[in-house]
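Below: one structure, written as structure tokens.
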Ligand SMILES: [Zn+2]
Ligand SMILES: [Zn+2]
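Numbering (my numbering), first residue to last: 7 to 266.
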């Protein structure tokens, strides 16, 4: 028996680019046989749906509304729904798991965290951080920033990436022995949505089970097409690539790192 989980998902209530509501996602993943989902809407450094001018408490209530919609529907249909978020820096994005709405209400300074602040504060509060789609290349991304020193792992397959971008991520993770997950980055649940995620041997009882799973680097099955990392990378040249050093300063990486 294995238990499938979506690790990376956006609702239209929390994310400006989201299309499906939390409840629509919950029903879809239930019908697809998933045990649970993590709702990871874009936080305030990213493509949030929440107006910036509102008071902090209202912003957080709004931010959490997509998760809460999914959670309520999950209670009805029998799907486990967990909370997280995705924060963005210089075009690089991080999934944060294990902290809750009360933490957010109590910590308005989190909006101004650096990658390093985020990693330290999230760990201190009992959570963990995964870098999402580290080699995503899109028009709005000026350079790749690899923040694996401020993360507990990386997402090496993302349904919104090209295969080549996931091949880069998989090679980089192998070279640096990084813990890996995969996720759909699902903004819209409909009948032909490609669903990624992880499959676990045991169901998660709580978000803390997931955090411990990651922090102790437990194995799981990566859910994505079997040939996802087979494609040649030559077709898609890398843009300028930096790895963040321990002080969160950029150090340029040159192309020969792929010869692992
Ligand atoms: Zn988005
Ligand atoms: Zn995302």
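We treat Cβ as the ideally placed atom computed from N, Cα and C, and that holds for glycine.
query                                                                                                                                                                          : result
Alpha carbon to alpha carbon, what distance is there between residue 122 and residue 47?                                                                                       : 21 Å
Throw me the rounded Cβ distance for the residue 17 and residue 75 pair, which I believe falls under 8 Å.                                                                      : 7 Å
By Cβ distance below 7 Å, which residues in the same chain neighbour residue 154 in space, the five residues on each side in sequence not counted?                             : 137, 160, 182 and 184
I'd like to confirm something about residue 92: is its beta-carbon nearer than 6 Å to some heavy atom of ligand 2, or not?                                                     : yes
Write down every uninterrupted run of the alpha helix (DSSP H) in the stretch 120-207 whose length is 4 residues or greater and which is fully enclosed by it, in chain order. : 121-130 and 169-182
What are the start and end residues of the beta strand (DSSP E) that includes residue 221?                                                                                     : Run containing residue 221: none in the beta strand (DSSP E); it sits in the alpha helix (DSSP H), 213-221.
Which residues end up in the neighbourhood of ligand 1 when you take C-beta atoms closer than 6 Å to any of its heavy atoms?                                                   : 16, 21, 23, 48, 53 and 193
Check whether the Cβ of residue 96 sits closer than 6 Å to any heavy atom of ligand 2, and report yes or no.                                                                   : no
Spatial neighbours of residue 60 within its chain, please: CB distance less than 8 Å, with the 5 preceding and 5 following residues excluded, ordered by chain position.       : 68
Could you tell me if the beta carbon of residue 191 falls within a distance shorter than 6 Å of some heavy atom in ligand 2?                                                   : yes
Leaving out five residues on either side along the sequence, give the residues of the same chain with a beta carbon under 6 Å from the beta carbon of residue 228.             : 188
Three-state secondary structure (DSSP) at residue 84?                                                                                                                          : coil
Mind checking which residues open and close the beta strand (DSSP E) that includes residue 48?                                                                                 : 42-48
Quick check: the Cα distance between residue 235 and residue 173, rounded to an integer number of angstroms?                                                                   : 5 Å
Give the secondary structure of residue 77 by DSSP, where H, G and I count as helix, E and B as strand, and everything else as coil.                                           : helix
Quick one, which of 127, 22, 7 and 36 has its alpha-carbon nearest residue 195's?                                                                                              : 36
Could you pull the DSSP bridge partners for residue 13 from this structure?                                                                                                    : Answer is none; residue 13 lacks a bridge partner.
Any idea what DSSP makes of residue 112, helix, strand or coil?                                                                                                                : helix
My assumption, with CB atoms under 8 Å, is that residue 170 sits in contact with residue 248. Please give the rounded CB distance.                                             : Residue 170 to residue 248, Cβ: 19 Å. No contact.
Report the CB separation of residue 191 from residue 139 in whole angstroms; it is logged as a contact under 8 Å.                                                              : 7 Å
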